[in-house]
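Residue numbers (our numbering), protein chains in the order written: chain X, 978 to 1982; chain W, 6 to 283.
One structure is given below, encoded as structure tokens.
In structure tokens form, the structure reads like this:
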């Protein structure tokens, strides 16, 4: 019976292809791409049909072709009917095909596909196209303009397109069919956010990024790189590039992959990617790139917890939360703060300047409510930051890296004046007496008085005392870092671990979880519906990688896909990537949140039995701008130990030109994808609570890829095609088919049909009813109840008492003296079991480099993304300043320091220390305290005025000057957000001299 | 007749630059015949954010004001324009015709507010024209307004009488009233940009311990008249704001319990007196 069914289905398939080729012009054009014959059959050859593709025409007959290029075999007719029926019928009934059946058939070899990859992949992708042909993408708005949607790191957007050109990009205004949003009543007022999305400056910058003159439009090869001759590695960064064809580029890269694997053995290829990418669950680095890594087998660059250092390596030992990288829970905090708090202490917390990383200006309106309610505000920061400027309140400038001393003096006042929650400390914490002894100077003979802290921090003792008293007498929210619960801020400088640890001690002394006492700055913790599932990017998208992503939490069961695994276990701690390549050795500790103790695992490179790295596959972004002492990276690229470097990038920026081969990737506006705004998943579970409205987006391909650029997925699959790995990498489907799979995996089908979603482009996820809102974070802990907030962490085995009772620490309580540190190394002077203050820098009048330069996350670019490249934001005088036709990076310097050095506004200055020098435009201001300077951490440009790696840079790469030292030896933690430097007026003659020297050198060549 | 007005609240401007970026997004690469030619990609300042930093560390304040074509009802540019290059629409919006205005650089120079920008490549004067091309198609507000996350910039289409009521009620001001150009762009809390403050921190040293004095009474006097009076906050801070720059001599009188102290000063620009020990 099934034999007859199968032959009918095959006829149906033939008719489907034929019909769609008539109806859909694009499909007809697609069919003309390849000429070959595919045979579909059952293994015993009892049923079969062949299809020949010939210049766009389909010739087909039942039976068996003599010489088919592709053979698709099913074990028997039963299997064939089960798998093929939905393919043909799904189109008719608008249902998606059953992916689990397909994948199981592949895994069990009930379905096999033979033939060269160039035909097999095309054939399966073509069959799948029958499922998506005819979908309407975007909405016509008149005058030949179509409105598409997409997602940026700075928020979701509408894109208006005419004749394949982007006219405008706007935030999304909701229409009448979209659900209403939540409201909060507090202190007699009702607050409700607007019915639209917000967008960060780097999101609004995208049109100029897409059409940047620095877009890579063609594959390119370094002119003096010859894979079968001289490689001239030392010329990376110096020599130019020549355009080559995709064919040639793919030949070079695949031949090098094969050669390096065979010549050197496993581990010889390393993949390095930035911490971020262009948005989308299919195209994100944790998705397509991880699948690619696993398909090929590559050493990995093991990232440090870059924006959470102090929380992960420090705070987690006191209050657990390792699966949140040591940060606090955030549920329900917006409502509680607005209703209960009497004061908010922003401590190295600038949410207005950092847009919540992905949260755009969503929190801004909520902080405007804070202003309206006239709640007291204090800012502790060396810089009068953007949140300070917006919110007002008392600014307490502390010397960079010194604020742990302030925390200790506050604790001193609380202890002396009985201004803390003694019941909470007694019943819900352990080890307080040990820390108290330290604070009172019983163990080191130094009382941590306000006067003591005043010397360290530069504050007045009276202000410290006033702050401590005010805080101790009120219900206070502590906002640490940009998110308020950690993240960024002072956790990334050399005392970041001390800082995060001491803040945990402070909020514990005030009884965290009591109404009005918690962590937060209104950036996280809105009453959105967290029970509605959409996978966060950390859930790994299409990677199938259960090891290095958060896929196992939920997505893997919800979205059938092949698992993937990297056979190479070698990894390099990222902080020491240059040392690993240049010296052949490196070690560090892992970033792994599964338990508090996981961070004690050491990573050593090379791993026994593996090859040292010989080839670097660099993917996206420019790490030059963000990594400490970045001259090291430049030297790494010029090392002969790297036989081959390929860089897959959208733009020609700082790091791109240090490769042998450049593969041009397109932006997310030129490919299809799907995503939810601020849906991070993993270590930032429920990142959507940053939003006023949850918004999921179909990322339309708004325009065709510029030049010859291609999506990352496409580039990876072309390489895999040449290695016979295309079926494994793609599972035989295209990006839009993955988008459909992710759509089906989420709860979106409950509120919108696939067809409507593809057309309209977005869906607003309705908020919960008031009575179903999440409970308040830590309140369960304060009241000694079972944990009731909706986060699946810590893991069940980490509970000590009863499941959901207590926190992740050994005692299940907040530990002033950390059991985990006692167990690991109780004698570590850098990280003793109780937090102590150990200053990072000793600066005095005779110091060669007396200025403490702060390099926080940037305000207008998204790390390096959006900077330079002749984009709009370069016109913002707080981002770059144009002097003599060149856009210089901005360094902010205190008016008194400037006066001493005769520096005026917009003067070009040399910022330097023993590591290097950077030319910047000076902004003279009282926003930064005397003795400090301020410049953003991540510029995309590196423009050395002489030999790369050894000369003055005028691109603005301040990380040339930052310390590479890990905050503590027994961690893998960046501490580069403060560096010691000196500034002086720059003699522009230097530029003239260098330019004339360069001319002479060129002429000599 | 309802006309367009713009209200900018300096208290809510954070210099995020979304208004300037949205304008670039709208006008770079796009010409809208009858309204405007393309905006140059770099350097054009149809909307420009001016900054005023007031005071000294650690008592400072920064006021930002977005400036743009003020859409004056008595516009000097219209008087110098030849060839009917500039028109004032019935809804109050000024349009510089990109064709008719070619080569007329005198239009740029005529604006006392400095709000007209010269497109060197096309040799035309250009302004932020309220995104009239979008309003005419039914958009509710200009791009710059719609992207403002703090509502620092609001557009309002009301008749002039109604607008004057709002001006009174909300205490709105205009930039450069001395030019008598009747702008349609209004500012709220402009003092953060064009006025000064005097501030200080009152403290006491007792038994070698330094403490902030909260609740001290502080008077601001001029010509022996008390013009303002307040109490210090928890940090001992006081701040008298909205004072004109270069307004001469003032006297600060501090009274706490039985202690009195007075300070004479000359006000040029915003001034933080530092710690005042009593």
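In this text, a Cβ means the ideal position worked out from N, Cα and C, and glycines have one as well.
All values derive from a computational prediction rather than experimental measurement.
Closer than 9 Å to chain W by CB, residue i
i	result
residue 1172 of chain X	no
residue 1395 of chain X	no
residue 1680 of chain X	no
residue 1178 of chain X	yes
residue 1596 of chain X	no
residue 1335 of chain X	no
residue 1175 of chain X	yes
Rounded distance between the beta-carbons of residue j and residue i, thought under 8 Å
i	j	result
residue 278 of chain W	residue 205 of chain W	4 Å
residue 1170 of chain X	residue 1669 of chain X	4 Å
residue 1497 of chain X	residue 1657 of chain X	That belief does not hold up - the Cβ atoms of residue 1497 of chain X and residue 1657 of chain X are roughly 17 Å apart, past 8 Å.
residue 154 of chain W	residue 1342 of chain X	7 Å
residue 1065 of chain X	residue 993 of chain X	6 Å
residue 1896 of chain X	residue 1885 of chain X	6 Å
residue 1461 of chain X	residue 1326 of chain X	6 Å
The ligand HEM heavy atom lying under 8 Å from the CB of residue i
i	result
residue 1037 of chain X	Among the ligands in the structure shown, none appear at all, so the ligand HEM cannot be discussed.
Contact set between residue i and chain X, taken where Cβ atoms lie within less than 9 Å
i	result
residue 273 of chain W	What residue 273 of chain W touches in chain X: nothing, since even the nearest Cβ is about 15 Å away.
Inter-residue spacing [alpha-carbon to alpha-carbon] between residue i and residue j
i	j	result
residue 1641 of chain X	residue 1852 of chain X	26 Å
residue 1650 of chain X	residue 1716 of chain X	6 Å
residue 1936 of chain X	residue 1382 of chain X	26 Å
residue 1087 of chain X	residue 1035 of chain X	27 Å
residue 1577 of chain X	residue 1302 of chain X	14 Å
residue 49 of chain W	residue 1911 of chain X	27 Å
residue 64 of chain W	residue 240 of chain W	12 Å
residue 1600 of chain X	residue 1612 of chain X	13 Å
residue 1243 of chain X	residue 1377 of chain X	44 Å
residue 1109 of chain X	residue 1604 of chain X	43 Å
residue 1479 of chain X	residue 1822 of chain X	29 Å
residue 1818 of chain X	residue 1809 of chain X	19 Å
residue 1113 of chain X	residue 1001 of chain X	12 Å
residue 1471 of chain X	residue 1739 of chain X	43 Å
residue 58 of chain W	residue 66 of chain W	6 Å
residue 132 of chain W	residue 1932 of chain X	32 Å
residue 1558 of chain X	residue 1723 of chain X	42 Å
Chain W contact residues for residue i, given Cβ-Cβ distances below 9 Å
i	result
residue 1907 of chain X	62
residue 1871 of chain X	62
residue 1904 of chain X	58, 62, 65, 67
Interface flag, residue i vs chain X, CB-CB below 9 Å
i	result
residue 58 of chain W	yes
residue 172 of chain W	no
residue 203 of chain W	no
residue 220 of chain W	no
residue 304 of chain W	In this structure chain W extends from 6 to 283, so residue 304 of chain W is not present and cannot be described.
Beta-carbon neighbours of residue i, restricted to chain W and to distances below 7 Å
i	result
residue 946 of chain X	No answer is possible for residue 946 of chain X: the residues shown for chain X start at 978 and end at 1982.
residue 1329 of chain X	19
7 Å Cβ cut-off: residues of chain X touching residue i
i	result
residue 30 of chain W	1145, 1146, 1181, 1184
residue 96 of chain W	Going along chain X, no residue has its Cβ under 7 Å from residue 96 of chain W, so there is no contact; the nearest lies around 22 Å.
residue 270 of chain W	Result: empty, since nearest Cβ-Cβ is about 18 Å, beyond 7 Å.
residue 217 of chain W	1439, 1440, 1443
Contacts that residue i makes with chain W (C-beta to C-beta distance below 8 Å)
i	result
residue 1374 of chain X	62, 63
Given a limit of 9 Å on CB to CB distance, which residues of the region 1130-1147 of chain X reach chain W? 1142, 1143, 1144, 1145, 1146, 1147
Residues of the region 1430-1464 of chain X whose Cβ lies closer than 7 Å to any Cβ of chain W, in chain order: 1437, 1438, 1439, 1440, 1442, 1443, 1447
Looking at chain W, which residues of the region 1339-1350 of chain X have a Cβ within less than 7 Å of any of its Cβ atoms? Those residues of the region 1339-1350 of chain X that come within reach of chain W (Cβ to Cβ, closer than 7 Å) are 1341, 1342, 1345.
Using a Cβ cut-off of 8 Å, which residues of the region 1234-1265 of chain X contact any Cβ in chain W, in chain order? none
Select from the region 1842-1854 of chain X all residues with a C-beta closer than 8 Å to any C-beta belonging to chain W, and list them in chain order. 1847, 1849, 1850, 1851, 1852, 1853
For the region 239-250 of chain W, list every residue whose C-beta sits within 9 Å of some C-beta in chain X, in sequence order. Flagged, chain order: 239, 240, 241, 242.
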